[in-house]
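Position one of the sequence shown corresponds to residue 1397 (the numbering used here), numbered consecutively onward.
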Amino acid sequence: AAVYDDAVVINSFSKYFSMTGWRLGWMVVPEDLLRSVECLAQNLFISPPTLSQLACVAAFDSRDELDANVARYAENRKLLLRELPKAGFDKLAAADGAFYIYADVTKMTGDSLAFCSRILDETGVAITPGVDFDPRRGNHFVRFSFSGSSEDMAQAAERLIAWRMS
């Protein structure tokens, strides 16, 4: 039973199904739009590899594992939102839709690429420079992923706090 008969749903396997890099998605469209969407889609791609398509179909049967991932992401998010301010990352944009936290690091650096490289060299913690996502203002931002293990998230937070205190 659809909420709206004319709803169009577009999604990908990347985030929820833990298939980043596979670059495959899916759509649910009303029957009267199906042929138009097929014609449009034919102009965007030929066909993803059969193995990729089979893996995506199998992903629909992995609900328990996927729900466990979502629960772990929620705990990791909570941990980082609590611990990152202790490391000086106190201007956080807490994501609700993906497993990333975007942080304003203006008071720490004006060069997010060099800053991330320094953190990696000095702590072993990898974060992503904001310039990868916003060439104009990204030098003042970094992105943290909380998709790793809970142990890795706790250890990363500890290392960043110790680094900030040194």
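Where a beta carbon is used, it is the ideal one built from N, C-alpha and C, also for glycine.
Suppose the cutoff is 6 Å on Cβ atoms and the five residues either side in sequence are ignored; what does the same chain contact list for residue i look like?
i	result
Ala1489	Tyr1498
Leu1475	Met1549
Arg1539	Tyr1496, Tyr1498 and Thr1524
Tyr1423	Looking at the sequence provided, one finds Met at residue 1423 rather than Tyr. Excluding residues within five positions, the ones whose Cβ falls inside 6 Å are Ile1406.
Met1415	Phe1409
Would you report the Cα separation of residue i and residue j, rounded to the nearest angstrom?
i	j	result
Leu1462	Phe1456	9 Å
Ala1553	Val1466	20 Å
Thr1524	Asp1428	43 Å
Ala1403	Phe1529	30 Å
Tyr1400	Ile1406	15 Å
Phe1413	Lys1503	36 Å
Phe1511	Ala1451	38 Å
Asn1535	Val1501	8 Å
Phe1485	Lys1411	25 Å
Pro1481	Val1433	46 Å
Based on the DSSP output, what are the partners of residue i in its beta bridges?
i	result
Asp1500	Phe1537
Trp1559	In DSSP, Trp1559 forms no bridge with anything.
Leu1475	Paired residues: none, contrary to the question.
Val1453	Answer is none; Val1453 lacks a bridge partner.
Which residues in the same chain as residue i place their Cβ atom closer than 7 Å to its Cβ, once the five residues preceding and following it in sequence are excluded?
i	result
Ser1541	Phe1495 and Tyr1496
Val1425	Val1404 and Val1433
Using a Cβ-Cβ cut-off of 8 Å (strictly less than) and excluding sequence neighbours within five positions of residue i, which residues of its own chain qualify?
i	result
Ala1483	Ala1553, Leu1556, Ile1557, Trp1559 and Arg1560
Leu1477	Leu1488, Ala1490 and Ile1497
If residue i and residue j are in contact, beta carbons under 8 Å, what's the gap, nearest whole angstrom?
i	j	result
Leu1509	Val1527	6 Å
Please find out if some non-hydrogen atom of the ligand GTP comes closer than 7 Å to the beta-carbon of residue i.
i	result
Gly1534	No copy of the ligand GTP occurs in the structure displayed, which carries no ligand at all.
Practice task
Determine contact between the stretch 1548–1559 and the stretch 1417–1427, defined as no fewer than three beta-carbon pairs at a distance below 8 Å.
Solution key: no
Exercise for the section: Check whether the stretch 1470–1481 touches the stretch 1442–1461, counting contact only when three or more Cβ pairs, one atom from each stretch, lie closer than 8 Å. Expected result: no
Problem - Segment contact flag, the stretch 1440–1449 with the stretch 1479–1489, C-beta cutoff 8 Å, min 3 pairs - result: no
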